[in-house]
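**Q**
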Amino acid sequence: MPVRPLRTFAVAAVLALAGCATATTPAAEAAGRPRPGGALTWAVETEPITLNPHQYAQAKARLLVWNSFESLLTYDAQGRPVPWLATGWQITPDGLTYTLPLRTGVTFTDGTPFDAAAVKANLDKLREPGYAPAVAAVQLRHLKAVEVVDPHTVRLTLTAPDVLILDFLASPQGAQVSPRSLREARNLKAGGVDVVGTGPFVLDRYVPGQELHYRRNPGYDWAPPTATHTGPAHLDEITYRFLKESVIRVGALTAQQVQLIEGVPATDQPLITGNPRLRLTRELNSGSAYTYYLNVSHAPFDDLRVRQAFREALDVDTVLASVYRDTATRAWSVVSPSSPLYDKRLEGSYGGDAAKANRLLDQAGWTGRDADGYRTRDGRRLTVRLVQAAPYVRDRRDVLAQAVQAAVKQSAGIDLQVSVVDQGTAQQAFDRNEYEVFDNSRADTDAGAALNLLLHSAGGINRTRVADPQLDRLLEAGQAATDPARRAESYAALQQRVVAGQALALPLYAPADQIAASTAVGGVRFEPTAGVPASAYDLWIAR
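Shown next as structure tokens:
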């Protein structure tokens, strides 16, 4: 049988692979020209659950991942995949075989060479049972085989066409870990100083609850085309301090104890914008919006009318204004409005109608009221539980939950119980199905990757517990379609079904990241298309 010729993956087909975050408006650069040397301290809102990129699940940890680890591909500012550790890629016309030539001369920071065998070791590890089950079940669900063609060429064979494979190869989960680390790390899943990559910095100190410290990789010389320079990083070292409270982060910046912070709520932004020694930049995240997903597997959200009523009971705009002082971008869909897959038709189509919420609850039989004003049926209060895992709480989402709690009680008599707990307790609640509301947003560059995880019946974080064959078909069609128009059509139909038809979700706002920095710091930027802070590679500090 003749071998079918390879063809380069068409640019038009990959335009829909990435969300296009709002364009960053660069602040006036006061730090002068880039210079080597120096040390910076950056205060971050969230301590990572893990330092292993394969286990990555926190958008706030993304800027840390790219300091030490790199992927085969990345995205440019237009949302197009471009080479990084791979020098390109080709696919066969049937979309089932991807061949990736690799860069030469690249080494992991433990001295191990980066080559095709290393790529295969990473992909084999990711598919190993129990190691990264969500990645294996979603991002790599169609990966059939990984072949080392020669020392610097790897070939991936799929069981079905899957345009999201390129997004995976550009994601933190697809970042390359040293094969020695994969074999010998003391706690591979947690990561740490003995889990290394090829990146511009080396993690050499981690003090849990306090800080991470990175030193420059002096041999680094394979920056992605999206970087602003080549060769080693400008900085000698960088320290990330974990400061959860925004007032403490802002205070540390204004007192010049740190030079950068991320996560600046509206209440604190005037302290930055009113200080001539500081500057503030902001960018919308791509991927999925911050959304309350409703658990349909048991009462009361197994009733469509109750789901609709919960959504109508909340005036989202009023709540967002009270918590974020008009700085939050309202979300109408589970897809971020910065994504090309966003369905604008949902805007203004639901929500904020208390009279309708009460009619729906009456129809569903929740007609009684107890002494506290909550609705009841058959002597039971209309209670729904929101369990928030503390490591994922950002942007004052705990305060937002309290505002939602008050609003739905007042407008419709719904008892929203909010618990902020540690990750283990939250996971136990999810495993035991002891919740009704799950909150989530994801900064995946491609919104399709987030939707597969959140809404497919086999999705790794499908907390709605929905098993809808039609949703599965739409997700699979979007994953397989190489034509951007057909792909957008599939995801638009999905959004209509999830939000408008089945009321499985209550979208709230489009997450954004903010960076406040001293004007002595140069090179501050956001990751192209993802809208999250970039790594420290391009940063420098003025003398």
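Numbering (mature numbering (1 follows the signal peptide of the UniProt record, and there is no 0)), first residue to last: -23 to -1, 1 to 520. Cβ atoms here follow ideal geometry from the backbone N, Cα and C, with glycine treated the same way.
Just verifying my parser: in three-state terms, what is the DSSP assignment at G65?
**A** Coil at G65, not helix or strand.
**Q** V397 to A305, Cα distance in whole Å?
**A** When rounded, the distance between both Cα atoms is 22 angstroms.
**Q** Using DSSP bridges, identify the partner residues of W517.
**A** Per DSSP, G499.
**Q** Looking only at its own chain, which residues have a Cβ that is under 8 angstroms from the Cβ of E188, when we skip the five neighbours before and after it?
**A** Excluding positions up to five away in sequence, the list reads R182, T216, Y217, R218 and F219.
**Q** Is G345 helix, strand or coil by DSSP?
**A** Residue state, collapsed to three classes: strand.
**Q** Which term fits G186, buried or exposed, when burial requires 16 or more other beta carbons within 10 angstroms of its beta carbon?
**A** Burial call: exposed.
**Q** Measure the Cβ-Cβ separation of L50 and L146 and say whether it is below 7 angstroms.
**A** Going by C-beta atoms, L50 is nearer than 7 angstroms to L146.
**Q** Using 7 angstroms as the threshold, is the C-beta distance between V241 and A497 below it?
**A** No, the Cβ-Cβ distance between V241 and A497 is not below 7 angstroms.
**Q** Can you check which of these residues, A20, R104, A457 and R502, is closest to L143 by C-alpha distance?
**A** Among A20, R104, A457 and R502, the Cα nearest to that of L143 is on A457.
**Q** From which residue to which residue does the beta strand (DSSP E) around Y75 run?
**A** That run of the beta strand (DSSP E) goes T74 to P78.
**Q** Which of the three DSSP states is assigned to K221 in this structure?
**A** If DSSP states are grouped into helix, strand and coil, K221 belongs with coil.
**Q** Could you give the first and the last residue of the continuous beta strand (DSSP E) run that contains T84?
**A** Taken as a continuous stretch (DSSP letters only), T84 belongs to no beta strand (DSSP E), as it is neither H nor E.
**Q** Compare the beta carbon distance of N335 and A389 with 7 angstroms and say whether it is the shorter of the two.
**A** Yes, Cβ-Cβ distance for N335 and A389 is below 7 angstroms.
**Q** Does the distance from the C-beta atom of Y351 to that of D392 stay below 7 angstroms?
**A** Contact: yes.
**Q** Scan the region 269 to 302 and note each continuous beta strand (DSSP E) run of 3 residues or more that stays entirely inside, going in chain order.
**A** Listed in chain order, there is nothing to give.
**Q** If you draw a straight line from the alpha carbon of L363 to that of N429, how long is it in whole angstroms?
**A** For L363 and N429, the distance between alpha carbons rounds to 22 angstroms.
**Q** Here's the rule: buried if 16 or more other CB atoms are within 10 angstroms of the residue's CB, otherwise exposed. What is N99?
**A** The residue in question, N99, is buried, as its Cβ has 16 or more Cβ neighbours within 10 Å.
**Q** Taking P58 as the reference, give the member of P201, P25 and P277 with the closest Cα.
**A** Nearest of P201, P25 and P277 to P58, Cα basis: P201.
**Q** With a 10 Å radius around its C-beta and 16 neighbouring C-beta atoms as the bar for buried, classify S495 as buried or exposed.
**A** That one is buried.
**Q** With DSSP collapsed to three states, give me the class of V115.
**A** Reduced to three states, the DSSP call for V115 is coil.
**Q** Tell me whether T258 sits in a helix, a strand or coil according to DSSP, three-state version.
**A** Residue state, collapsed to three classes: strand.
**Q** Does the beta-carbon distance from K121 to L135 come in below 7 angstroms?
**A** Yes, the pair counts as a contact, with Cβ atoms nearer than the cut-off.
**Q** Excluding five sequence neighbours on each side, which residues of the same chain lie with their C-beta closer than 7 angstroms to the C-beta of T360?
**A** Here the set comprises D392 and Q394.
**Q** Bridge partners of D490, per DSSP?
**A** Per DSSP, E260.
**Q** Give me the residue from A424, R282 and Y301 with the minimum Cα distance to S265.
**A** Checking every option, the nearest Cα to that of S265 belongs to A424.
**Q** Quick one, which of G342, G356 and A341 has its alpha-carbon nearest A348's?
**A** Comparing Cα-Cα distances from A348 to each of G342, G356 and A341, the minimum goes to G356.
**Q** Compute the beta-carbon to beta-carbon distance between Y52 and T506, rounded to the nearest angstrom, for a pair I have assumed lies under 8 angstroms.
**A** 5 angstroms between Cβ atoms; contact.
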